[in-house]
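Undergrad: Before I ask anything, let me first share the structure, which is written out below as structure tokens.
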Amino acid sequence: MSTIDIEGLEMRFGVFTALKDISVSVKEGEFVTLLGPSGCGKTTLLKLISGFLTPTNGSIKIANKDVTLTPPEHRDTALCFQSYALFPHLTIGDNIEFGLKQQKISKPERGRRLAEMAGQLALDAQLDKLPNQLSGGQQQRVALGRALIMRPGVILFDEPLSNLDAKLRDSVRVEIRRIQRENNLTAVYVTHDQSEALAMSDRVMVLNGGVIEQCAPPEELYNAPATSFVADFIGGANIMEVEVTGETEPGVYKLNTPLGVLISKSGRVPPGKRIRACWRPESVKLGELSVNTFTAKVTDRQFQGSYTDLHVDVNGHSCGLKTPNPNIFPGENIDCGLDPSDVILLEAI
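In my numbering, the protein residues as written are 741 to 1089.
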């Protein structure tokens, strides 16, 4: 069952089109992340779902009810802001139960829900404090509690972790996912951080220039990107313009590439003769394969701890490699190979 159904959504601001023909469904209890660079339309889409914007064309349904023209306060949604938006003069307890008071929920019921939410978020000892007495991570939990205490059908997150340091971001995102699962909440989450999107989501919708490039589970986005934009934005990839010269056996294609002749067995049918293809930097095998081999000259090296980034040159074509071997240095020539399943066919040129 879908909690959110979006059909043919378009949003224009004057002559600028922010979103074009967006159609997507989000299932009950699903965690979907909107991912893309600044200006791609992800926050605009979140504002349309929440009701803070009205679309130029298209429709939005929540729980099978058309809410396209419904104001935010009458939608079964709650929004967690990037800035937390806590009231500085109210205690943590008053901040969390603020929405319940606005809805004139009885005091005993407010107290019961507040105790339950504070326990779930480990905020029991903080309820009488003011926001400026809490850490950034604690303030984020307060903002989350204020949204969750309303028991919304859909919870929306607008880059909620962007103000936290890296270590705190990791722990808070685990908490958000845990609470979302425990409460079977339908969640739509906006971020520009690909690692955040891959770690948290059931599905990731990659937006670029106001259109959906691909919407799929994280593993599929990474292992089978549909376009060169997705391939490069999700994890980074070496993208090449190639010519498909033949099908050597069903599903196996021969390619002329800047690296030489390569074989692809990625499960994709090429969309034309001149296409783009890619391979991940970590998929390269050093001196291990007898197919798809090429010699690369190392031009730069960056040690990263558990792996080393290498920049290499192959016939004048620059590529990036990741290897667990820390003992390769600029100026060296290395023998490389790619498994045919790691040469991914993309869009036509």
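Using N, Cα and C, we set each Cβ at its ideal position, and we do this for glycine too.
Is it buried or exposed, residue 1035, if we count other Cβ atoms within 10 angstroms and call 16 or more buried?
TA: Its Cβ having fewer than 16 others within 10 Å, residue 1035 is exposed.
Undergrad: Just to confirm my understanding: we take residue 1022, look at its own chain, exclude 5 residues before and 5 after, and list those with CB closer than 6 Å. What are they?
TA: Hits under 6 Å: 1062.
Undergrad: Less than 7 Å between the beta carbons of residue 987 and residue 970, yes or no?
TA: Result no, Cβ atoms of residue 987 and residue 970 do not sit closer than 7 Å.
Undergrad: What does residue 910 pair with, by DSSP beta-bridge criteria?
TA: Residue 910 pairs with nothing; no bridge assigned.
Undergrad: What residue ranges within the segment 768 to 840 form continuous beta strand (DSSP E) runs of no fewer than 3 residues, ordered along the chain?
TA: Runs found: 771 to 775, 797 to 802 and 817 to 820.
Undergrad: Could you pull the start and end residues of the alpha helix (DSSP H) that residue 927 belongs to?
TA: It is not in any alpha helix (DSSP H) - residue 927 instead sits in the beta strand (DSSP E) that spans 926 to 931.
Undergrad: Do residue 820 and residue 771 have their C-beta atoms within less than 7 Å of each other?
TA: Their beta carbons are not under 7 Å apart, which means residue 820 does not touch residue 771 by this criterion.
Undergrad: For residue 747, I'd like the list of residues in its chain whose CB is within less than 7 Å of its CB, leaving aside the five on either flank, ordered along the chain.
TA: Answer for residue 747: 763, 798 and 799, listed in chain order.
Undergrad: Take residue 780 as the anchor and find which of 850, 951, 1051 and 972 has the nearest alpha-carbon.
TA: Looking at the Cα atoms, 951 is the closest of the given residues.
Undergrad: Rounded C-beta distance between residue 926 and residue 768? I'm assuming under 8 Å.
TA: The Cβ separation is near 6 Å, so the contact holds.
Undergrad: Using the Cα positions of residue 848 and residue 930, report the straight-line distance between them to the nearest angstrom.
TA: When rounded, the distance between both Cα atoms is 35 Å.
Undergrad: If I measure Cβ to Cβ from residue 1003 and keep anything under 8 Å in the same chain, skipping five residues before and after, which residues do I get?
TA: Excluding sequence neighbours, residue 1003 sits near 988, 992, 993, 994, 995, 1031, 1032, 1080 and 1083.
Undergrad: What's the C-alpha gap between residue 866 and residue 834?
TA: If you take the alpha carbons of residue 866 and residue 834, they lie about 11 Å apart.
Undergrad: Between 1054, 1050 and 1038, which has its C-alpha nearest residue 998's C-alpha?
TA: Out of 1054, 1050 and 1038, 1054 has the C-alpha closest to the C-alpha of residue 998.
Undergrad: Within 6 Å: the Cβ of residue 756 and any heavy atom of the ligand FMN?
TA: In terms of ligand content, the structure shown is empty, and the ligand FMN therefore cannot be addressed.
Undergrad: Terminal residues of the continuous beta strand (DSSP E) containing residue 1038?
TA: Per DSSP, residue 1038 belongs to the beta strand (DSSP E) from 1033 to 1043.
Undergrad: Determine the burial state of residue 811: buried for a count of at least 16 other Cβ atoms within 10 Å of its Cβ, exposed for fewer.
TA: Burial call: exposed.
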